[in-house]
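Inspection log for the structure reproduced underneath, given as structure tokens.
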Amino acid sequence: MQTSSTRPVSLSIISLSLAGLLCATGTNAQASPSPSRDRPLTAAPQLSISGAFTTSLSIGETPKLVIDGPLDAVIVEADDHHIAISRAPGSRGEVKLRVVLKALDELELSGAQDLRASALNGKHLDLKFSGATKAVFAGNYETLDIELSGASKLDASELTARSVKVEMSGASKADLNATETLRVKASGASKVRYRGGANVETDVSGVASIRRI
């Protein structure tokens, strides 16, 4: 009789202990806030991004970086002139970035980049892409200086510029929009398509090609 009466009591104690543990865990989870995914940036006009990211880029009054993914997968180094964003060694998984800059006059991309930039504007913009970079741009600049290598792809058909200078190699591809002058140096299997009424100067070798769209 004593054995049968002791067993329900023991089970009740275990059940209460588990319930208390679950409640405590839930309370702690609610009490511990998740780390901020917004990081302030300097007003530097030069940006470089390396590693595997999906990025949206725009111009705004308050420079910042918004991270969608593991925070410890992103390394940010910045000063008054340059902002560098890269993947932490050994980090895995998809990471999406939203970058807001006060101005942009230089952008360098490397690695497996997928970037979309909108509402850009300024006097001069330098673009340098390598690796498997893919980028789409929209906006207005007076002059563009572009360097593409590897399998990089640039769609700047909605990025209007008065003067564009581009140097391409490897299997890179570019869609451009120039209103006055377009200077193209292309080698390897690179391909250039352009729109606008620019006078075109070309230096093409290999099986590289250039044509109007």
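With my numbering, letter number 129 in the sequence shown gets 132, and the count goes up by one each step, no holes.
Virtual Cβ for every residue (Gly too), placed ideally from N, Cα, C.
Item, Value
"Can you tell which of 104, 125, 129 and 193 has its C-alpha closest to the C-alpha of residue 45?", "104"
"Secondary structure at residue 29, three-state DSSP: helix, strand or coil?", "Confidence at residue 29 is low in this model, with a pLDDT of 43, below 50, so the placement of that residue should be treated as unreliable; the coordinate-derived value is given next. Helix."
"Run through the DSSP bridge pairs and tell me what residue 200 is partnered with.", "Paired residues: none, contrary to the question."
"Please give the ranges of any alpha helix (DSSP H) in the region 112-159, keeping only runs that are unbroken, at least 4 residues long and fully inside the region.", "none"
"I need the boundaries of the beta strand (DSSP E) containing residue 105, first residue and last residue.", "Here residue 105 belongs to no beta strand (DSSP E), and DSSP marks it neither H nor E."
"Answer yes or no: do residue 87 and residue 59 have a C-beta to C-beta separation smaller than 9 Å?", "no"
"Do residue 169 and residue 146 come within 9 Å of each other at the CB atom, strictly closer than that value?", "no"
"Would you kindly work out how many angstroms separate the C-alpha atoms of residue 76 and residue 107, rounded to a whole number?", "24 Å"
"Take the Cβ of residue 175 as the centre, count every other Cβ of all protein chains shown within 10 Å, and call the residue buried at 16 or more, exposed below.", "buried"
"Ignore the nearest five residues each way along the sequence and tell me which others in residue 139's own chain have a CB closer than 6 Å to its CB.", "119 and 158"
"Between residue 196 and the ligand GDP, is there a pair consisting of the residue's CB and a ligand heavy atom that are separated by less than 8 Å?", "Looking at this structure, you won't find the ligand GDP or any other ligand, since it has none at all."
"Just reading off the beta strand (DSSP E) that residue 53 is part of, what are its end residues?", "49-53"
"Across which residues does DSSP place residue 213 in a beta bridge pair?", "195"
"Going by DSSP, what residue range makes up the beta strand (DSSP E) through residue 43?", "41-43"
"Among residues of its own chain, excluding the 5 on either side of residue 100, which ones have a beta-carbon nearer than 8 Å to its beta-carbon?", "52, 56, 57, 58, 59, 68, 69, 70, 71, 77 and 88"
"Which stretch, first to last residue, makes up the beta strand (DSSP E) that contains residue 85?", "85-90"
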